[in-house]
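Written below as C-alpha cells is the structure these notes are about.
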Amino acid sequence: MSISTLVQSISTAKFLLSIAKLKDFTLVDLKIFKTEFSGKIPDGLWRAENLASFMISDNKFNGELPQNLSSCISLFDILSYNQFYGGIPIGVASWINVVKFIASKNYLNGSVPPELTALPKLQTLLLDQNQLKGSLPNDILSWKSLVILNQLIAFDSSFLNNSGLCADKPKLSVSLCNFGLEKPTKTSHWSIGLIISLTVVTFLLALLASFMIIKLYKKRKHESESSWKLISFQRLSFTELDILSSMTEQNITGSGGFGTVYCVRVNGLSYVAVKKIMSNR
C-alpha cells in the first residue's frame, strides 16, 4: 500500500502512533500545518526512504536538525514557526536534493555553514527570525540556483532578525561584518589629508597673525616712548623716565588749548611742572 500524503491535526500522540505504523507503507509527502503538535521528530522519519516533501510549519516541534536526511527529500519546509534549536548541521552538504529550505522563526543559532553552497538544487533559502550569528558565506550571492534569495525583494527578509549575523556584501539585510574597519579608499585618504592640511594652515595663519599683532603693539609703544625728547639747559637730578612714569591723571594740575600740565615729584623732595603739548596743534 502507498500513502502519498499524510495530514494529521488531532494530537501528538495520534501523530506519533501514525508514524509508528508507517513501516508497512510508503510515505511520500508529510504535511502538518498549524496544529498543537510538540516534541521531537523521530530520527527514523528524517530518513524515510521515499519521503520527498517534508512540511511541518506552524507547530511546536523542537529539537536539533539531523545530520542526514532522506536522499529523496526535495521540499524541506520543516521549521517555519516551530521551536527548533541548535545549529545548522555541517551535514547539510548531504542534502543534495533539497530545493526549498525554509527555517523561519525558530531558535537556530550558530553560523550559516559554507556547506550550504554545495547544495546544487537549492532555490529557496529563508532563515529569518532566528538567533544566527557570524558571517554569511562570501559567495552567497553567486549561487545561481538560489532563485528566491537572489531576488532583490527577498534580500529584505531572508536573514532578518538575526542580530549576530553579518555579511561582507551590503545587499543583504544584515549588518556589515567589517563595518568601521573598512580599508580607507583613495577618496577617504584625500579627505583626511585635506582636513589635516587645512588645520595646519589655519594654525599657522593664527600664529602669524598673533606675531604681527604683538610686533605692531611693540612698535607703537616704542614710537610713543621715543617721541618724547628731553632737552636739558642745566644739570638735572632726574631722567626722562622719571617724568614719563609720573605723567598720570592723578598728577594733572591744569589743561588748556595747547595741552595738559602735570605736577611731577622728583627725588622725593622737589616738584617739576611738565606740559604735554597736544599733537594736533
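Take 115 as the starting number for the sequence shown in our numbering and just add one per residue. For every residue, glycine included, the Cβ atom is placed at its ideal position computed from N, Cα and C. Only a predicted model underlies this, so the values are computations on that prediction, with no experimental measurement involved.
Taking 7 Å as the limit between beta carbons, can you name the residues of its chain near D356, skipping five residues before and five after? V380
Complete runs of the beta strand (DSSP E) confined to the segment 313-380 [at least 3 residues]: 366-369 and 373-380
Euclidean distance between Cα positions of T140 and K219: 31 Å
Spell out whether any CB of chain C is found under 8 Å from the CB atom of W209. Although the question refers to chain C, the structure presented lacks it and comprises just one protein chain.
Where does A207 fall in DSSP's three states? helix
If you draw a straight line from the alpha carbon of A281 to that of L318, how long is it in whole angstroms? Roughly 45 Å between the two C-alpha positions.
Sequence-distant residues of the same chain with beta carbon closer than 6 Å to N244, five excluded per side: Here the set comprises N220, L222 and N276.
If you run the structure through DSSP and keep just helix, strand and coil, what is G153? Per DSSP, reduced to three states, the secondary structure at G153 is strand.
Quick check on the DSSP output: the beta strand (DSSP E) that includes Y199 runs from which residue to which? Q197 to G201
Classify G382 as helix, strand or coil using the three-state DSSP reduction. coil
Between S369 and V375, what straight-line distance do the alpha-carbon atoms span, to the nearest angstrom? For S369 and V375, the distance between alpha carbons rounds to 6 Å.
The ligand PLP heavy atom lying under 7 Å from the CB of S277: Ligands are entirely absent from the displayed structure, and the ligand PLP is therefore not among its contents.
Pull up the distance between the alpha-carbon of V405 and that of K235, whole angstroms please. With the chain covering 115 to 395 only, the question about residue 405 has no answer from this structure.
Could you name the residues that DSSP lists as bridge partners for M392? Answer by DSSP bridge pairing: none, since M392 is not bridged.
Local conformation of I216 per DSSP, three classes: Three-state result, I216: strand.
Compare the C-alpha of Y199 against each of F215, S208, A207 and P180 and name the closest. P180
Out of G224, L274 and L358, point me to the one whose CA is closest to L239's CA. L274
Under 7 Å Cβ to Cβ from I155, same chain only, skipping five residues before and after it: list those, please. F175 and G177
Ignore the nearest five residues each way along the sequence and tell me which others in S194's own chain have a CB closer than 6 Å to its CB. S171, I216 and S218
Determine the contact status of T367 and C377, defining contact as a CB-CB distance below 8 Å. yes
Under a three-way DSSP split, which group does L159 fall into? helix
Closer than 6 Å by C-beta to S289: which residues in its own chain qualify, once you throw out the five before and the five after it? Chain order, please. Taken in chain order, the residues that qualify are C280.
What whole-angstrom Cβ distance do L246 and G278 have, given they're in contact under 8 Å? 7 Å
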